[in-house]
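Remember, my numbering sits 667 above the position in the sequence shown when you count from 1.
For each residue, glycine too, the CB sits at the ideal point set by N, CA and C.
Here's the structure, in structure tokens; my notes come after.
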Amino acid sequence: MLKDLGIDVTVGGFLGKDNQDGFQQLFSELGIANRFQVVQGRTRINVKLTEKDGEVTDFNFSGFDVTPADWERFVTTP
Numbered sequence: 668m669l670k671d672l673g674i675d676v677t678v679g680g681f682l683g684k685d686n687q688d689g690f691q692q693l694f695s696e697l698g699i700a701n702r703f704q705v706v707q708g709r710t711r712i713n714v715k716l717t718e719k720d721g722e723v724t725d726f727n728f729s730g731f732d733v734t735p736a737d738w739e740r741f742v743t744t745p
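As structure tokens, then:
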């Protein structure tokens, strides 16, 4: 939404190497500056199923581990 208002947007954090393509494509298509650090593994996916009566079921899949080296690279990369 900020990008739609003409405000520059930058995203950052950690992104799993094994399933990064969809995220990278979306950032590119939206013109969002990408400062994610790519790490080994898959970015965790969370799914919510909401029933008509409002009951919600969560599926929280496992994701990657951030190593000390990953963290150091994150905090020192401009």
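TODO: Along the beta strand (DSSP E) that carries Leu716, what are the first and last residues, could you check?
DONE: 713-717
TODO: Express the C-alpha separation of Asp675 and Val705 in angstroms, rounding to a whole number.
DONE: 22 Å
- [ ] Measure the alpha-carbon distance for Arg711 versus Gln687 and round it to whole angstroms.
- [x] 11 Å
Task: Sequence ranges, beta strand (DSSP E) only - wholly within the stretch 668-704, length at least 3 - done: 677-683
Task: Sequence-distant residues of its chain with Cβ nearer than 7 Å to Gln707 (five each side left out) - done: Lys684, Phe731
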